[in-house]
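What follows is a single structure, written as structure tokens, with notes after it.
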Amino acid sequence: MNLDQFKDLHDKSVGSEMYCLMENLYPICRSITGNGVRQTLTEIKKHIDLQIHEIPTNTQVFDWTIPKEWNITDAYIADSKGNRVVDFKKSNLHIVSYSIPIRQKMSLAELKKHLHSIPDLPNAIPYLTSYYKEDWGFCISHNNFLNLKDEEYEVVIDSTLTDGSLTYGEFFVPGFTSDEILVSCYVCHPSMCNDNLSGVVLTTMLAKELSKIKTNYSLRFLFVPETIGVIAWLAINEKNISKIKHGLVATCLGDPGSSTYKRTKQGKSEIDRTAEYVLKNTKSDYQILDFFPTGSDERQFCSPGINLNVGSLMRTPYGKFTEYHTSDDNLDFVQPEFLEDSYSKYLQTIFILENNKKYLNLSPKCEPHLGKRNLYRPIGGQKVSKESELAIFWMLNFSDGLHDILDISEKSGLKFEILLDAAEKLKKNNLLK
Ligand code: ZN
């Protein structure tokens, strides 16, 4: 990706397209397996040529086993008059994900053992899962919970838990080299927007736009169920993962909060330096977090036996916004302008990774004569040097094979693009390679 291609991509507004895709994906009931994931991937495939893979139940992936496939068509709690007081068809968050099927009449006291609400957020429906323990439950708003009368209820969960498969999607864009940049997102949360549809729509649009140009790096985009999906992908692809040089986990990218970069475990890798540079240079607030071994899929990518340089560029991190894992993380909470801002930061990060090279000065003994090459002003002595001229001096002096453009940018305070432009000019004049 050269500077002109970057500017073209950067000028194109994709916020509303991302938001529109989010509106389409929002109603789907997703989990770590099942038709919700397939439907989601089919929707994404309308934008990019996604490869969809299925891994059968019981497949061993490192220390984990692919679970049974879960599907659900309906679920409700009906009062003694037959009115649905909790209805899966109104919100798929009402059901604890992976709930086993049930059809039973029971007292309120019995039912309450399977009800979950948040007293502090009385209008919100919580999001809960029970992937690895066979159980069932309903999530309801606390107000709804308080309104339940002491009577007999009919409880129905029309779900299936059977041998099937885990589904994931992958999109690969070959570059000039086989070294890869990875962007990974997860596709297992039901109707919630910031965590995690924002990551899904951003990854989709980034993949769509970047596949239109030729990049130096090959680009790999993963759409996997969180944890088990990425563990499975890593287990299956272990022999090729050394090609991944830099990666980002995309999540929580559409809320009004400021940007956050969570470092890789290594902490000072090129992706860390790049993402931090991008946030530093966007004039808005941001925070940098050191790696910690909880959170999202970066903890698999940065586990000791995998050890990839994968960080996470997000806005307000998971768990740190009140709407997190509730029905309040909805289409009102996430807005196109914030998605657009996050997208722009991803694009800048990839652009810099694409162009952050170490150059070698081909005329390293003292300064080369710039004037005779029209690289310096004809009249000397002016007090202020233009940035573009300063950039030429910085590039020449620090192109010793040790410093990449990011290093030189940090030392000089000059923008990456200006230094890159200087490097291109010097290359044309055979002063750098
Ligand atoms: Zn989550």
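All residue numbers for the sequence shown refer to the numbering used here, where the first residue is 12 and numbers rise by one. Built from N, CA and C at the ideal position, the CB exists for glycine as well. Everything numeric in this text was worked out from a predicted model, so none of it was measured.
Nearest neighbour of residue i, chosen from the options [CA to CA]
i      : options                           : result
Tyr354 : Glu220, Leu386 and Lys276         : Glu220
Tyr164 : Pro137, Ser118, Tyr142 and Trp147 : Ser118
Leu430 : Leu442, Arg284, Ile282 and Leu417 : Leu417
Glu249 : Tyr87, Leu407, Lys144 and Ser314  : Ser314
His64  : Leu233, Pro379 and Met406         : Leu233
Leu407 : Ala434, Leu172, Ala286 and Phe427 : Ala434
Asp411 : Ile192, Ser423 and Tyr370         : Tyr370
Phe409 : Ile59, Tyr387 and Ser374          : Ser374
Asp343 : Gly265, Trp244, His414 and Asn367 : Gly265
Arg114 : Pro137, Ile88 and Ala243          : Ile88
Phe182 : Lys100, Lys57 and Thr238          : Lys57
Pro347 : Gly306, Cys204 and His414         : Cys204
Gly45  : Asn94, Tyr142 and Lys92           : Tyr142
His257 : Lys18, Thr238, Asp283 and Arg41   : Asp283
Tyr357 : Lys438, Thr214, Ser396 and Thr70  : Thr214
His414 : Thr293, Glu281, Phe332 and His200 : Glu281
Gly93  : Lys100, Glu398 and Lys116         : Lys116
Leu32  : Lys100, Lys23, Asp19 and Gln50    : Gln50
Thr238 : Lys18, Ala120 and Gly306          : Gly306
Lys439 : Leu386, Glu428, Glu400 and Leu401 : Leu386
Lys291 : Thr76, Phe99 and Gly424           : Gly424
Glu398 : Gly382, Glu378 and Glu428         : Glu428
Buried versus exposed call for residue i [16 or more other C-beta atoms within 10 Å across all chains shown]
i      : result
Gln62  : exposed
Asp308 : buried
Tyr30  : buried
Phe303 : exposed
Lys79  : buried
Ala218 : buried
Lys390 : The question names Lys, yet the displayed sequence has Ile at residue 390. Per the 10 Å Cβ criterion, exposed.
Glu34  : exposed
Ser295 : exposed
His380 : exposed
Ala286 : buried
Asp60  : exposed
Arg388 : exposed
Ser108 : buried
C-beta contact flag for residue i and residue j at 9 angstroms
i      : j      : result
Tyr335 : Gln298 : no
Phe349 : Arg384 : no
Ser202 : Ile39  : yes
Gln359 : His21  : yes
Glu162 : Asp90  : yes
Thr68  : Gly240 : no
Ile111 : Asp146 : yes
Val48  : Pro236 : yes
Leu25  : Met216 : According to the sequence shown, residue 25 is Val rather than Leu. Their beta carbons are under 9 angstroms apart, which means Val25 touches Met216 by this criterion.
Leu139 : Val166 : no
Leu36  : Val211 : yes
Gly180 : Leu52  : yes
Lys436 : Ile403 : yes
Leu442 : Asn372 : yes
Thr173 : Ile83  : no
Leu177 : Ile66  : yes
Trp405 : Lys426 : no
Asp301 : Gly268 : no
Ile168 : Ala86  : yes
Leu14  : Asp432 : yes
Leu230 : Ile55  : no
Val345 : Leu208 : yes
Trp81  : Ile129 : no
Gln311 : Ile363 : no
Pro137 : Thr337 : yes
Ile317 : Ile252 : yes
Beta carbon proximity, residue i to chain C, threshold 9 angstroms
i      : result
Asn292 : The chain inventory of the structure shown lacks chain C, comprising one protein chain alone.
Heavy atom of ligand 3 within 8 angstroms of residue i beta-carbon
i      : result
Glu237 : Ligands in the displayed structure: ligand 1; ligand 3 is not one of them.
Next on the checklist: Taking contact to mean 3 or more Cβ pairs, one atom from each stretch, closer than 8 angstroms, check whether the segment 170 to 187 and the segment 222 to 233 are in contact.
Outcome noted: yes
Checklist entry - Three or more C-beta pairs closer than 8 angstroms, one from the segment 246 to 265 and one from the segment 191 to 198: is that the case here? => result yes
Next on the checklist: Closer than 8 angstroms is the cut-off here; do at least three beta carbon pairs connect the segment 350 to 369 with the segment 309 to 326?
Outcome noted: yes
Checklist entry - Does the count of Cβ pairs from the segment 124 to 141 and the segment 154 to 167 closer than 8 angstroms reach three? => result In the pairwise beta carbon analysis, the segment 124 to 141 is classified as touching the segment 154 to 167: at least three pairs are separated by under 8 angstroms.
Checklist entry - Would you say the segment 313 to 323 touches the segment 266 to 280, given that touching needs at least three Cβ pairs under 8 angstroms? => result yes
Checklist entry - Quick one: any contact between the segment 98 to 108 and the segment 142 to 150, if contact means 3 or more CB pairs under 8 angstroms? => result With contact defined as three or more Cβ pairs closer than 8 angstroms, the segment 98 to 108 and the segment 142 to 150 are in contact.
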